[in-house]
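Participant:
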Amino acid sequence: MGNRGSIIGPTTQTTHRSQREPVSPIGEGEEKKAPTTPKRNSVFQAFSTSNSNQNFYMSDDELSSLAERTRLRDQSTKYVLDYIYYGIPCNVKGVIKNGSPNVSSPSKRRHTSPIKDTFLISDPDLTFITIDRAEVLRNRNEVLGVTDTEADVVVVDVGDEYYNYPEACSVDRGGNILVSIRDEKIQRRIDGQALDKLKDRPQTPKKPYIVGVEINSITLGWWATDEGTGLVDQYHVEYLEISKPDSGFKVLLIREWAREDDLLYCMEKLPPNTSYRFKIKCRNRVGWSDFSEVSEVATTEVYNDKGMSYVASDVEGGCQYLYEVRAVNKMGKSSWSSNFIVQVPAEVDPNAVCDVTAELRKGHLWLECWDGKDERQFWFHTITGSRSLKPPEEWVEYKEQLKLEKERNAHMRKEKVKEEMDPAVKFRMKRFKFFKELRKHNNAPTSKDPPLNNLKIRRMHLFSDTLTVFTHYGKKDLMKKTKIIFNGEEGIDSGGLTKDWYLGLSRSVKAHKIFAASPSGALEIHPSSGCSPTSLQKFKFAGMVLGKALYDRQFLDMPLTKVFYKLILNIDVVTDDLLEVDETLSKSLGWMMENDVSNVIFETFSVEVIDGDGRKDRMPLCENGENRDVDEDNKAEYVKLMAEWRLKFSVMMQLEAFKSGLNLLVPDHLLEQFSIGELELLFNGKKNISVDEIRAYTIYQGKIEAGSKICLWFWQLLRDFDDEGKMKLLRFITGSDRVPLDGFDPPFNITDGEDMTHDMLPRAHTCFNQIVLPRYKNYDEMKTKVKTAIENTEGFDLS
Numbered sequence: 001m002g003n004r005g006s007i008i009g010p011t012t013q014t015t016h017r018s019q020r021e022p023v024s025p026i027g028e029g030e031e032k033k034a035p036t037t038p039k040r041n042s043v044f045q046a047f048s049t050s051n052s053n054q055n056f057y058m059s060d061d062e063l064s065s066l067a068e069r070t071r072l073r074d075q076s077t078k079y080v081l082d083y084i085y086y087g088i089p090c091n092v093k094g095v096i097k098n099g100s101p102n103v104s105s106p107s108k109r110r111h112t113s114p115i116k117d118t119f120l121i122s123d124p125d126l127t128f129i130t131i132d133r134a135e136v137l138r139n140r141n142e143v144l145g146v147t148d149t150e151a152d153v154v155v156v157d158v159g160d161e162y163y164n165y166p167e168a169c170s171v172d173r174g175g176n177i178l179v180s181i182r183d184e185k186i187q188r189r190i191d192g193q194a195l196d197k198l199k200d201r202p203q204t205p206k207k208p209y210i211v212g213v214e215i216n217s218i219t220l221g222w223w224a225t226d227e228g229t230g231l232v233d234q235y236h237v238e239y240l241e242i243s244k245p246d247s248g249f250k251v252l253l254i255r256e257w258a259r260e261d262d263l264l265y266c267m268e269k270l271p272p273n274t275s276y277r278f279k280i281k282c283r284n285r286v287g288w289s290d291f292s293e294v295s296e297v298a299t300t301e302v303y304n305d306k307g308m309s310y311v312a313s314d315v316e317g318g319c320q321y322l323y324e325v326r327a328v329n330k331m332g333k334s335s336w337s338s339n340f341i342v343q344v345p346a347e348v349d350p351n352a353v354c355d356v357t358a359e360l361r362k363g364h365l366w367l368e369c370w371d372g373k374d375e376r377q378f379w380f381h382t383i384t385g386s387r388s389l390k391p392p393e394e395w396v397e398y399k400e401q402l403k404l405e406k407e408r409n410a411h412m413r414k415e416k417v418k419e420e421m422d423p424a425v426k427f428r429m430k431r432f433k434f435f436k437e438l439r440k441h442n443n444a445p446t447s448k449d450p451p452l453n454n455l456k457i458r459r460m461h462l463f464s465d466t467l468t469v470f471t472h473y474g475k476k477d478l479m480k481k482t483k484i485i486f487n488g489e490e491g492i493d494s495g496g497l498t499k500d501w502y503l504g505l506s507r508s509v510k511a512h513k514i515f516a517a518s519p520s521g522a523l524e525i526h527p528s529s530g531c532s533p534t535s536l537q538k539f540k541f542a543g544m545v546l547g548k549a550l551y552d553r554q555f556l557d558m559p560l561t562k563v564f565y566k567l568i569l570n571i572d573v574v575t576d577d578l579l580e581v582d583e584t585l586s587k588s589l590g591w592m593m594e595n596d597v598s599n600v601i602f603e604t605f606s607v608e609v610i611d612g613d614g615r616k617d618r619m620p621l622c623e624n625g626e627n628r629d630v631d632e633d634n635k636a637e638y639v640k641l642m643a644e645w646r647l648k649f650s651v652m653m654q655l656e657a658f659k660s661g662l663n664l665l666v667p668d669h670l671l672e673q674f675s676i677g678e679l680e681l682l683f684n685g686k687k688n689i690s691v692d693e694i695r696a697y698t699i700y701q702g703k704i705e706a707g708s709k710i711c712l713w714f715w716q717l718l719r720d721f722d723d724e725g726k727m728k729l730l731r732f733i734t735g736s737d738r739v740p741l742d743g744f745d746p747p748f749n750i751t752d753g754e755d756m757t758h759d760m761l762p763r764a765h766t767c768f769n770q771i772v773l774p775r776y777k778n779y780d781e782m783k784t785k786v787k788t789a790i791e792n793t794e795g796f797d798l799s
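In this text, residue positions in the sequence shown follow UniProt numbering: the first is 1, and each later residue adds one.
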């Protein structure tokens with residue numbers, strides 16, 4: 001937990017403190033006297049400073065009482081509390097430091113400007129809390145003689161005796177109140193607007209939604225009931241297997257109250273092509289709600305056998321081999337397939353003439369590469385594996401032939417050929433300039449040993465743990481190099497865990513539905529995402545993650561829509577952009593442009609919106625738009641404004657929150673030099689994995705070389721994998737499933753596992769981009785072991 005919003009919780013610690021005469025920090029010239037002893041229904045109010053090392057003060061008696069039953073969970077933070085009874089400030093005396101009160105000299109504090117962070121300490125005799133900002137503001141202004149109208153403070157008052165008052169609570173920078181409850185082991189988040197008297201059961205939850213479906217699993221999500229109030233303490237989820245309706249709904253899980261970020265559940269070990277439905281109810285102290293509506297049908301994917309390959313080794317020349325295959329599942333084995341006969345050719349005649357040299361001197365066999373470390377080009381031969389720092393003659397001739405062919409085709413089409421720089425070279429130059437200017441813009445330290453941020457998180461809670469830390473981060477914190485420590489894992493981060501954290505974090509951002517997925521799967525900001533403080537905080541967090549990834553030259557798995565990229569680049573959106581994210585609205589507006597709307601469309605220049613309380617309202621698209629009718633003459637203007645509203649203005653608050661996080665490190669003017677395609681490449685890296693490109697950046701260690709049998713088998717295995725398999729293997733070895741734009745640093749490394757037996761799985765060291773391969777007996781054995789390793793590895797024992 002960071003410096004702000006720490007929770008004070010129960011303890012049995014006792015302390016001894018000296019007593020001082022209280023001094024009231026009221027205005028100069030007024031009589032100084034001790035404050036009146038607080039009554040049972042006192043109003044408590046506390047302020048925090050803007051300093052990250054802020055202190056909270058309180059009176060001796062109150063501090064002594066507090067110290068007997070509370071402690072600071074964050075032992076690295078100091079707090080000072082101003083206590084106010086009926087709006088009257090007490091003297092400033094006690095200091096809580098590392099959970100132990102000490103005596104400090106009295107001082108005066110007079111708040112004459114709005115304080116936006118609040119901190120609450122409970123009285124054990126109070127039984128209920130209500131939040132009344134207006135009353136606090138009146139009390140505060142009356143005592144201090146100020147006229148601040150936007151002071152963000154909180155009042156705690158006595159209410160009904162039904163609800164137990166929390167032992168302690170705090171307000172984080174996002175406006176969320178976090179509380180710990182006496183006799184309960186959970187923490188709750190409370191809405192900053194109100195905690196109503198709890199008299200009724202919770203409202204019925206919305207029906208659960210399906211986050212994702214795979215062959216053997218379904219990930220289920222649901223929304224927090226009475227979001228943010230913290231009054232719900234348990235959720236009960238049931239499921240129905242549709243193929244067995246007579247069995248009825250069965251209990252899937254009972255989950256204690258959790259933050260909204262954790263309201264997900266993955267139902268695993270399911271059979272393929274099986275359908276389920278879900279429903280949910282919730283509980284508070286009064287009782288259980290009704291069950292929600294039943295969810296949409298979720299069906300696990302059909303087992304799609306794309307086929308497997310097998311390399312038969314140690315065969316004899318001139319012989320015939322017969323092969324058959326059968327399938328196996330948990331129910332048994334299928335019958336054998338019809339046989340397939342293969343004739344192995346006889347041994348090659350050593351006297352046969354073959355001009356191998358001529359074949360190898362073909363220009364297309366050379367691959368142009370970039371050495372990011374030495375910042376220079378080199379060329380890699382995809383057959384021989386040789387490298388050259390100078391452009392090979394055959395490659396130059398090949399490129400000239402391509403250029404002449406392009407000019408000839410253009411001449412036939414009567415087009416003029418533009419002399420353009422190679423797109424890859426052009427992007428490389430832009431990217432190099434971008435990172436250089438980014439460091440200069442942020443005054444990045446040039447030390448070889450930059451300051452570190454040790455980030456200790458739980459792998460299963462990447463989103464919530466990182467969000468908690470990033471909430472307290474400023475620009476300087478984001479500039480520091482991050483060192484990842486996964487709880488319960490022994491991995492040492494020298495770069496591999498960081499790459500894994502970035503990819504996992506970006507995928508958890510998608511899973512938590514901060515953004516909506518377009519039909520293509522790319523992410524957009526949807527108007528329904530909401531503008532609550534919690535939602536805006538998450539959008540800012542997503543921007544911070546993207547900005548830090550760019551700063552650290554790391555890739556994410558967060559593809560964005562073309563519209564989203566336009567908004568980032570400050571490019572105007574147009575009506576045609578609607579088709580990517582809202583096909584229905586796009587078709588509707590398209591129909592208006594192609595048809596006469598007279599006496600057909602009865603709309604005004606306004607759009608229906610729903611506020612945070614669920615109330616419907618009309619928002620004008622232009623000045624006095626709600627009173628301006630759409631007709632045949634002005635429909636083009638209406639279509640343009642409606643498209644701009646849907647694509648940009650309806651999500652402006654979310655977009656500004658996202659860009660505020662992104663711009664902490666990456667200013668707009670540095671991004672605007674890139675095209676949309678280049679920005680996608682900058683954010684997410686290359687989608688396709690070229691085996692020859694990886695080979696170009698590979699070194700070999702131990703008693704093996706590029707032509708060794710084990711290495712040739714490895715490259716053949718990588719080629720045989722589909723795209724998903726290639727990504728899994730690359731992530732197993734490097735920590736990232738993307739090929740770096742500047743090549744691997746350190747180089748991709750295949751090492752001879754001479755100390756390993758052939759029945760062992762391969763080892764990987766992600767920080768060194770290294771895989772250690774045992775000396776397998778044949779290709780099939782290697783394929784089995786490698787697939788087992790990449791399919792069953794989660795977490796790091798060594799990195």
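Note that CB positions come from ideal geometry on N, CA and C, so glycine has one too.
1. Contact defined as beta carbons within less than 8 Å: I believe Ile299 pairs with Asn216. What is the distance between those atoms, to the nearest angstrom?
2. Smallest Cα separation from Phe721: which of Ile568, Ile790, Met558 and Asp759?
3. What did DSSP end up calling Tyr398 once you bin it into helix, strand or coil?
4. Tell me whether the stretch 483 to 492 and the stretch 450 to 469 touch, counting them as touching only if at least three CB pairs, one residue from each stretch, are closer than 8 Å.
5. With DSSP run on the structure shown, which of helix, strand or coil describes Cys622?
6. Pop quiz: Ser660 and Lys540 are said to be a contact at Cβ under 8 Å. What is the actual Cβ separation, rounded to whole angstroms?
7. I need the boundaries of the beta strand (DSSP E) containing Tyr235, first residue and last residue.
8. Thinking C-alpha only, which one of Val630, Phe714 and Thr698 is nearest Thr784?
9. Pull up the distance between the alpha-carbon of Lys513 and that of Ser528, whole angstroms please.
10. Specify the secondary structure class of His765 as computed by DSSP and reduced to three states.
11. Could you check the C-alpha separation between Lys426 and Ser506 for me, to the nearest Å?
12. Identify every run of the alpha helix (DSSP H) within the stretch 614 to 666, keeping only runs that are complete inside it and at least 4 residues long; order them along the chain.
13. CA-CA distance, Trp645 and Tyr700?
14. Measuring CB to CB, does Lys269 end up less than 8 Å from Pro205?
15. Considering just the uninterrupted stretch of the beta strand (DSSP E) at Trp222, what are its terminal residues?
16. Rounded C-beta distance between Leu546 and Leu662? I'm assuming under 8 Å.
17. DSSP on Val136, reduced to helix/strand/coil?
18. With Glu608 as the anchor, note down where its beta strand (DSSP E) starts and where it stops.
19. Mind checking who residue 803 pairs with in its DSSP beta bridge?
20. Could you tell me whether the stretch 681 to 692 touches the stretch 734 to 746, where touching means 3 or more Cβ pairs closer than 8 Å?
21. Using 8 Å as the cut-off, can you tell me whether the stretch 750 to 764 makes contact with the stretch 772 to 780, which would need three or more C-beta pairs spanning the two stretches below that distance?
22. Can you give me the C-alpha to C-alpha distance between Asn442 and Leu665, rounded to a whole angstrom?
23. Taking 8 Å as the threshold, find out whether the stretch 722 to 736 comes into contact with the stretch 393 to 411 through three or more Cβ pairs.
24. Using the three-state DSSP reduction, which class does Gln537 fall into: helix, strand or coil?
25. Once the 5 residues before and after Ala636 are set aside, which same chain residues still bring their CB inside 6 Å of it?
26. Pull up the distance between the alpha-carbon of Thr534 and that of Leu263, whole angstroms please.
27. Drop a sphere of 10 angstroms on the beta-carbon of Asp752, count the other beta-carbons inside from all chains shown, and report buried for 16 or more, exposed for fewer.
28. Quick one: Cα of Arg553 to Cα of Thr498, how far?
29. As a quick exercise: from Arg615, Ser606, Leu647 and Gln234, pick the residue whose alpha carbon is nearest that of Asn627.
30. Is it true that the CB of Trp370 sits closer than 8 Å to the CB of His381?
31. Identify whether Cys282 lies in helix, strand or coil by the three-state DSSP scheme.
32. Compare the C-alpha of Met592 against each of Thr575, Ser464, Glu580 and Trp501 and name the closest.
33. Using only the alpha-carbon positions, how far apart do Glu407 and Lys686 sit?
34. What does DSSP give as the partner residues of Ala298 in its beta bridges?
35. Leu578 to Gly590, Cα distance in whole Å?
36. Within 10 Å of its beta-carbon, does Leu253 have 16 or more other beta-carbons around it, so buried, or fewer, so exposed?
Facilitator: This is what the structure gives:
1. Indexing the sequence shown from 1 puts residue 299 at position 299. Indexing the sequence shown from 1 puts residue 216 at position 216. In the sequence as presented, Ile is not what sits at residue 299; that position holds Thr. About 12 Å separates the beta carbons of Thr299 and Asn216, which is beyond the 8 Å limit, so they are not a contact pair.
2. The sequence position of residue 721 within the sequence shown is 721, counting from 1. Out of Ile568, Ile790, Met558 and Asp759, Ile790 has the C-alpha closest to the C-alpha of Phe721.
3. Position 398 of the sequence shown, counted from the start, is the residue given in the question as residue 398. Here Tyr398 sits in helix by DSSP.
4. yes
5. Position 622 of the sequence shown, counted from the first residue, corresponds to residue 622. Three-state DSSP puts Cys622 in coil, outside helix and strand.
6. Locating residue 660 in the sequence shown gives position 660, counting from the first residue. Locating residue 540 in the sequence shown gives position 540, counting from the first residue. That pair is a contact at about 6 Å.
7. As a working note, residue 235 is residue 235 in the sequence shown. Tyr235 -> beta strand (DSSP E) spans Gln234 to Glu241.
8. As a position in the sequence shown, residue 784 is number 784, starting the count at 1. Among Val630, Phe714 and Thr698, the Cα nearest to that of Thr784 belongs to Phe714.
9. Here residue 513 refers to the residue found at position 513 when the sequence shown is read from its first residue. Here residue 528 refers to the residue found at position 528 when the sequence shown is read from its first residue. Roughly 11 Å separates the two Cα atoms.
10. Position 765 of the sequence shown, counted from the first residue, corresponds to residue 765. Note: His765 maps to strand in three-state DSSP.
11. Numbered from 1 along the sequence shown, position 426 holds the residue referred to as residue 426. Numbered from 1 along the sequence shown, position 506 holds the residue referred to as residue 506. Between Lys426 and Ser506, the C-alpha separation is close to 28 Å.
12. 635 to 647 and 652 to 662
13. Numbered from its first residue, the sequence shown carries residue 645 at position 645. Numbered from its first residue, the sequence shown carries residue 700 at position 700. Cα to Cα, the separation comes out at about 56 Å.
14. Translated into positions along the sequence shown, residue 269 becomes position 269. Translated into positions along the sequence shown, residue 205 becomes position 205. Against a cut-off of 8 Å, the Cβ pair of Pro205 and Lys269 comes out as no contact.
15. Looking up residue 222 in the sequence shown gives position 222. DSSP places Trp222 outside any beta strand (DSSP E), giving it a letter other than H or E.
16. The sequence position of residue 546 within the sequence shown is 546, counting from 1. The sequence position of residue 662 within the sequence shown is 662, counting from 1. Right, their Cβ atoms sit about 6 Å apart.
17. Sequence index remark: in the sequence shown, residue 136 carries index 136 (1-based). Confidence in Val136 is poor, its pLDDT being 44 and thus under 50, which makes the residue's placement too unreliable to answer from.
18. In the sequence shown, the residue the question calls residue 608 occupies position 608. In the DSSP assignment, Glu608 falls within the beta strand (DSSP E) that extends over Ser606 to Ile610.
19. Residue 803 lies beyond the residue range present for the chain, which begins at 1 and ends at 799; the question has no answer from this structure.
20. As far as the Cβ criterion goes, the stretch 681 to 692 touches the stretch 734 to 746, which means the pair count is three or higher.
21. yes
22. Counting from 1 along the sequence shown, the entry for residue 442 is found at position 442. Counting from 1 along the sequence shown, the entry for residue 665 is found at position 665. Between Asn442 and Leu665, the C-alpha separation is close to 7 Å.
23. no
24. For this step, residue 537 is matched to residue 537 along the sequence shown. It is helical.
25. In the sequence shown, the residue the question calls residue 636 occupies position 636. None.
26. For the purposes of this step, residue 534 is taken as the residue at position 534 of the sequence shown. For the purposes of this step, residue 263 is taken as the residue at position 263 of the sequence shown. Between Thr534 and Leu263, the C-alpha separation is close to 15 Å.
27. Reading the sequence shown from its first residue, position 752 is the one you call residue 752. It counts as buried.
28. If you number the sequence shown from 1, residue 553 lands on position 553. If you number the sequence shown from 1, residue 498 lands on position 498. So the two alpha carbons sit approximately 11 Å from each other.
29. Here residue 627 refers to the residue found at position 627 when the sequence shown is read from its first residue. Answer by Cα proximity: Ser606.
30. For the purposes of this step, residue 381 is taken as the residue at position 381 of the sequence shown. For the purposes of this step, residue 370 is taken as the residue at position 370 of the sequence shown. Going by C-beta atoms, His381 is not nearer than 8 Å to Trp370.
31. In the sequence shown, residue 282 corresponds to position 282, counting from 1. In this structure, Cys282 counts as strand in the three-state DSSP scheme.
32. In the sequence shown, the residue the question calls residue 592 occupies position 592. With distances taken between Cα atoms, Met592 lies closest to Thr575.
33. Walking along the sequence shown from the start, residue 407 turns up at place 407. Walking along the sequence shown from the start, residue 686 turns up at place 686. Going from the Cα of Glu407 to the Cα of Lys686 covers about 29 Å.
34. Position 298 of the sequence shown holds residue 298. The partner list for Ala298 (beta bridge, DSSP) reads Tyr276.
35. The residue given as residue 578 occupies position 578 in the sequence shown. The residue given as residue 590 occupies position 590 in the sequence shown. Using only the alpha carbons, I get a separation of about 10 Å.
36. Within the sequence shown, residue 253 is the residue found at index 253, counting from 1. Per the 10 Å Cβ criterion, exposed.
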